[in-house]
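Chains as they are written, first to last, in the working numbering: chain A, 1 to 255; chain B, 256 to 532; chain C, 533 to 811. Beta carbons are placed, not taken as given, at the ideal position from N, Cα and C, and that holds for glycine. Remember, predicted model here, so these are calculated numbers, not experimental data. To start, the structure itself, in structure tokens.
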Amino acid sequence: MQSMSLYVEKDTFVHRIDPISKIFYIIASIAISFILQTFTITIICLVINLILLLTGRVFKNVLPLIGYSSLVLVTIVIIQGLFNPGNKTALFELGPLTFYTEGLKFAALICLRVINILCAFSVLILTTRPSNLIEELIRKGVSPKIGYVLSSVLQIIPQMVSTMGKITDAQRARGMETEGNLFKRIKAFIPLIGPVVMSSLIQTRERAMALEVRGFSSPSKRTFFNQRHTHRYGIYIQALLILVTIAAVVWRIIE
Amino acid sequence: MSKIEVRDLKYSYENGIEVLKGISLTFDQISTAIIGQNGAGKTTFVKLLKGLLKPSSGCILINGKDTQDTTVAELSKDIGLVFQNPNDQIFKSKVIDEIMFGPLNIGQSPEKAKSNAEQALEMVGLEDRRYDNPYDLNLSDRKLVGLASVIAMDPEILILDEPTIAQDYAGKEKIKGIIKKLQDQGKLILTIIHDMDFVAETFERVVVFNQGKVLLEGNTREVFNNSRLLKEAGLESPHVTQLGKKLGYNQTFLTVEELVQGHRVRQGHGTRFLFHQ
Amino acid sequence: MKKIVVENLKYRYPGTSELALDDISFEIEEGEFISIIGRNNAGKSTLCQALVGLVPHFFKGAYGGQVKIDGIEVGNSELHEIVAKVGYVFQDPYTQITGSKLSVEEEVAFGLENRGVPREEMIDRIYHTLKLLGIFEHKDKNPYELSGGQMQRLAIASIIALNPEVIVLDEPTSQLDPQGSEEVFQAIQNLSQQGMTVVLVEHKMEKIAQYSDRVLLIDKGKLIDFDTPAKIFSREDLLNYGVHPPVYTQICQQLGKHKDGVYPVTFDEAYELLVKSYV
Numbered sequence: 001m002q003s004m005s006l007y008v009e010k011d012t013f014v015h016r017i018d019p020i021s022k023i024f025y026i027i028a029s030i031a032i033s034f035i036l037q038t039f040t041i042t043i044i045c046l047v048i049n050l051i052l053l054l055t056g057r058v059f060k061n062v063l064p065l066i067g068y069s070s071l072v073l074v075t076i077v078i079i080q081g082l083f084n085p086g087n088k089t090a091l092f093e094l095g096p097l098t099f100y101t102e103g104l105k106f107a108a109l110i111c112l113r114v115i116n117i118l119c120a121f122s123v124l125i126l127t128t129r130p131s132n133l134i135e136e137l138i139r140k141g142v143s144p145k146i147g148y149v150l151s152s153v154l155q156i157i158p159q160m161v162s163t164m165g166k167i168t169d170a171q172r173a174r175g176m177e178t179e180g181n182l183f184k185r186i187k188a189f190i191p192l193i194g195p196v197v198m199s200s201l202i203q204t205r206e207r208a209m210a211l212e213v214r215g216f217s218s219p220s221k222r223t224f225f226n227q228r229h230t231h232r233y234g235i236y237i238q239a240l241l242i243l244v245t246i247a248a249v250v251w252r253i254i255e
Numbered sequence: 256m257s258k259i260e261v262r263d264l265k266y267s268y269e270n271g272i273e274v275l276k277g278i279s280l281t282f283d284q285i286s287t288a289i290i291g292q293n294g295a296g297k298t299t300f301v302k303l304l305k306g307l308l309k310p311s312s313g314c315i316l317i318n319g320k321d322t323q324d325t326t327v328a329e330l331s332k333d334i335g336l337v338f339q340n341p342n343d344q345i346f347k348s349k350v351i352d353e354i355m356f357g358p359l360n361i362g363q364s365p366e367k368a369k370s371n372a373e374q375a376l377e378m379v380g381l382e383d384r385r386y387d388n389p390y391d392l393n394l395s396d397r398k399l400v401g402l403a404s405v406i407a408m409d410p411e412i413l414i415l416d417e418p419t420i421a422q423d424y425a426g427k428e429k430i431k432g433i434i435k436k437l438q439d440q441g442k443l444i445l446t447i448i449h450d451m452d453f454v455a456e457t458f459e460r461v462v463v464f465n466q467g468k469v470l471l472e473g474n475t476r477e478v479f480n481n482s483r484l485l486k487e488a489g490l491e492s493p494h495v496t497q498l499g500k501k502l503g504y505n506q507t508f509l510t511v512e513e514l515v516q517g518h519r520v521r522q523g524h525g526t527r528f529l530f531h532q
Numbered sequence: 533m534k535k536i537v538v539e540n541l542k543y544r545y546p547g548t549s550e551l552a553l554d555d556i557s558f559e560i561e562e563g564e565f566i567s568i569i570g571r572n573n574a575g576k577s578t579l580c581q582a583l584v585g586l587v588p589h590f591f592k593g594a595y596g597g598q599v600k601i602d603g604i605e606v607g608n609s610e611l612h613e614i615v616a617k618v619g620y621v622f623q624d625p626y627t628q629i630t631g632s633k634l635s636v637e638e639e640v641a642f643g644l645e646n647r648g649v650p651r652e653e654m655i656d657r658i659y660h661t662l663k664l665l666g667i668f669e670h671k672d673k674n675p676y677e678l679s680g681g682q683m684q685r686l687a688i689a690s691i692i693a694l695n696p697e698v699i700v701l702d703e704p705t706s707q708l709d710p711q712g713s714e715e716v717f718q719a720i721q722n723l724s725q726q727g728m729t730v731v732l733v734e735h736k737m738e739k740i741a742q743y744s745d746r747v748l749l750i751d752k753g754k755l756i757d758f759d760t761p762a763k764i765f766s767r768e769d770l771l772n773y774g775v776h777p778p779v780y781t782q783i784c785q786q787l788g789k790h791k792d793g794v795y796p797v798t799f800d801e802a803y804e805l806l807v808k809s810y811v
């Protein structure tokens, strides 16, 4: 059953890079495009992102994500094109509306940055197994309790599917209509939500006990069942990214 | 017309695994226990009877209605199913409201629903808890609320899924009593159950499921006499039955009383035999 | 030294007025297989929780008396110290799994990771326990895809893998069919024979009579009796405590067949006694 994640299972160079390096990459990529605010730099970052996505063979998985944000992006273009305070030079007209160059340029930069951020995150999310990421974080010192909360979120979908299925069956067995018009379906919602909420609350407490009983509060140093994926290049990649970011800051100061 | 008619029923999951491989059965007045190992297909079968699942092939007629052509809600007037875990269905804050939910759904008038709910409460012995919050009751009482919720819908057929799990001796005796009362009202009771002793004491007919097929069915005594097929299904006969067989009795004993009686009779004969020597 | 010593244990859940456990005292030796019987809500689960320390550390409430495991007082220790010695299997398998692990084997690994068990040993123990409970073939499945019975076995496996010295199980076979129950009881008996102290709550009296060294009868929070299965099940007043003896005992009671004032409690004992009566 699918756990809740966007991870696409493949075996590419990008997949094999360790999660921490990818996190560094996201920070670097976003930081640089904000520090050096030119079009050129942002486009370079974007191209690097796209290369990574293509190498990871997850390029087509990004497109829906960009698609979802397109509504926002188009809105920005329209608003900036029409109403940006720095608007002077008219570019074209659409009926009574005049779109200005300054505003459109500004909007284009914003759009590129948004897409850049999306792609950078996608490099991480689409090519990293979430449980690996969480485990890496715990190895690096993040509290196992936080790690547990994050991992549980992944399991929410299978868990809810399992519970909802049983509850739906039980309520349907008592004559509750689940098919039909929208009103009927909304009416059906409450008898489903009640048991789901109640059982979640009861379960939370019992689960807390279950974790205790399995030594969750043990002060011993933890070990890991899964093998650690050693990434020889990890350290170099991270160092490189730090250097590049510093270079960007320096360049900015110089300018 | 039989209450339930199952004709060459087959059912497969979406992934292609065939769970039920051709079941043909009819059910009338006689209370029936459905037994079999975990995974034999019992729960799937029962969900198909209830209309929650539709057959992959074959058909099921409930009081003449084909489950393929009737909605679950419509079928609920004829056939009720009590699930194992009451927490999966309880959502009202008063026991009486919870019990009235089903009857109101299937179209009973508020007055009728109330009176059915009251009667159901009496039958399970929880009349004085009618305004309590179901979650304030302990698990076995909550199971009884689940049972009452379906009884109040007044279906002719009632299916119970593992009613004896988590019940102590008093709880089991209560359930036995409720089943007998419902039978006396002319209802057909079907049960999925693991407790062979309880089956022997309460049900007249047994159907044995094994790997998606009916391996054996008939009246309780016949079925529990067939140790070979029971073993094939991964089951055993009730404790009393096993003891009786080992002691060399020809009869198949179903209850403590029967074995005690049989033993006394044999002892009586034995004594007479000694005297005649 | 006795493995478990309970002295004058009293407990009341927060917000309630009645004692859930009322002045209970008993001792358990290492390696004993003890069963706890009694009607629903008699206090069996609460007593189990007191043995593992959830009472009082998790439930708070009013606590009196002592529970000592290997001489260490539960009330005064940290919960994580106690659970290092005492394993607890809950009644409901669904809430016992962590809900954060994506495969059965990782689920069992969870407790071992917390304890810092070295990886090689971890894998060994996990595989061994999964095989013991008959779910090894499901080791890569998501726990939420398991049936109720499989999940119950998983819950038991997760605790056994921790190699506790004492294991407390609350109705561990409720979801299992008769064959499954038998397998679990045998697995637990094996552990007991290897030195693990077992405390089990059950309603299946025939199994209890067959496997237990001693049986503890509890009612309304009070300890009524603690003795061998033969002595406990031979009591004439068991029904007053909401408990009935094994079927074999009932038969012999009605026929008046006993041996030295004590009735048979297992199949073999009943058979031997009855077969003699007309030879």
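Opposite residue i in the DSSP bridges: which residues?
| i | result |
| --- | --- |
| residue 100 of chain A | A/90 |
| residue 593 of chain C | Its beta-bridge partners do not exist; DSSP assigns none. |
| residue 567 of chain C | C/732 and C/747 |
| residue 620 of chain C | C/700 |
| residue 312 of chain B | B/265 |
| residue 258 of chain B | BP columns for residue 258 of chain B are empty, so no partner. |
| residue 543 of chain C | C/553 and C/595 |
Does the beta-carbon distance from residue i to residue j come in below 8 Å?
| i | j | result |
| --- | --- | --- |
| residue 750 of chain C | residue 723 of chain C | no |
| residue 740 of chain C | residue 747 of chain C | yes |
| residue 21 of chain A | residue 234 of chain A | yes |
| residue 410 of chain B | residue 350 of chain B | no |
| residue 420 of chain B | residue 298 of chain B | no |
| residue 533 of chain B | residue 337 of chain B | Outside the shown range of chain B, which is 256 to 532, sits residue 533 of chain B, and nothing can be said about it. |
| residue 693 of chain C | residue 640 of chain C | yes |
| residue 589 of chain C | residue 636 of chain C | no |
| residue 566 of chain C | residue 794 of chain C | no |
| residue 802 of chain C | residue 498 of chain B | yes |
| residue 716 of chain C | residue 688 of chain C | yes |
| residue 701 of chain C | residue 621 of chain C | yes |
| residue 707 of chain C | residue 684 of chain C | yes |
Report the three-state DSSP secondary structure of residue i (helix, strand or coil).
| i | result |
| --- | --- |
| residue 42 of chain A | helix |
| residue 663 of chain C | helix |
| residue 268 of chain B | coil |
| residue 233 of chain A | coil |
| residue 528 of chain B | For residue 528 of chain B, the pLDDT reaches just 48, beneath the cut-off of 50, and the residue's location in the model is therefore unreliable, leaving the point undetermined. |
| residue 83 of chain A | helix |
| residue 226 of chain A | coil |
| residue 1 of chain A | Unreliable placement is indicated for residue 1 of chain A, whose pLDDT of 45 sits below 50; no coordinate value is reported for it. |
| residue 794 of chain C | strand |
| residue 601 of chain C | strand |
| residue 400 of chain B | helix |
| residue 153 of chain A | helix |
| residue 419 of chain B | coil |
| residue 649 of chain C | coil |
| residue 758 of chain C | strand |
| residue 719 of chain C | helix |
Could you check which residue in the options has the C-alpha nearest to that of residue i?
| i | options | result |
| --- | --- | --- |
| residue 790 of chain C | C/806, C/711 and C/621 | C/806 |
| residue 583 of chain C | C/555, C/596 and C/600 | C/600 |
| residue 102 of chain A | A/249, A/77 and A/172 | A/77 |
| residue 222 of chain B | A/67, A/175 and A/100 | Residue coverage of chain B in this structure runs from 256 to 532, which leaves residue 222 of chain B outside it and unanswerable. |
| residue 488 of chain B | B/268, B/259 and B/292 | B/292 |
| residue 467 of chain B | B/394, B/265 and B/275 | B/275 |
| residue 203 of chain A | B/281, B/342, B/492 and B/431 | B/342 |
| residue 457 of chain B | B/472, B/476 and B/469 | B/476 |
| residue 696 of chain C | C/602, C/733 and C/666 | C/602 |
Just list the alpha helix (DSSP H) runs in the region 427-488 of chain B, keeping only unbroken ones of 4 residues or longer that don't cross its boundaries, in chain order.
If we require 4 residues or more, the alpha helix (DSSP H) runs fully inside the region 427-488 of chain B come out as 451-457, 475-480 and 482-487.
Can you give, in chain order, each stretch of the alpha helix (DSSP H) that sits fully within the region 144-222 of chain A and has at least 4 residues?
Within the region 144-222 of chain A, the alpha helix (DSSP H) runs of at least 4 residues that lie entirely inside it are, in chain order, 144-154, 156-172 and 182-213.
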